[in-house]
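Here's the structure, in structure tokens; my notes come after.
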């Protein structure tokens, strides 16, 4: 670590605070850190919409597939209630579980942020 750099003291993110020679801890507040990272994620999402657009297409295709599978459940009979419930669950669960596809992209961004924190680009 760098001289005067105290990882994890007073900051939410590891390495976001600095301890001066007299012992006071300097660092960005939680709202300031959240604002910086929210702005950063928004810029990344607008500059590279491929991650979100690919997920959108996959969501539409998977929901269309489940619509075809449960096509007969559109009749309003009591014996189709269970099928309609399962269709609703599939519509909600599959897109939610596919959000895991964003984890590798977030891991790369996490490494970049950690390197920036170690280089002192955040206070």
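Residue numbers (our numbering): 1 to 123.
Here a beta-carbon is modelled for each residue, glycine too, at the ideal position from N, C-alpha and C.
Just so we're clear, the structure is a prediction, and the values are computed from it rather than from any experiment.
{"query": "Would you kindly check if the distance between the Cβ of residue 80 and the Cβ of residue 88 is under 8 Å?", "result": "no"}
{"query": "In the structure shown, what three-state DSSP assignment does residue 80 receive?", "result": "helix"}
{"query": "Does the distance from the CB of residue 106 to the CB of residue 58 come in under 8 Å?", "result": "no"}
{"query": "In three-state terms, what does DSSP make of residue 49?", "result": "coil"}
{"query": "So residue 53 and residue 94 are in contact, right, with Cβ under 8 Å, and what is the actual spacing, rounded?", "result": "Between residue 94 and residue 53 the Cβ distance is about 18 Å, and since that is not below 8 Å, they are no contact."}
{"query": "Going by the beta-carbon positions, is the gap between residue 91 and residue 66 smaller than 8 Å?", "result": "yes"}
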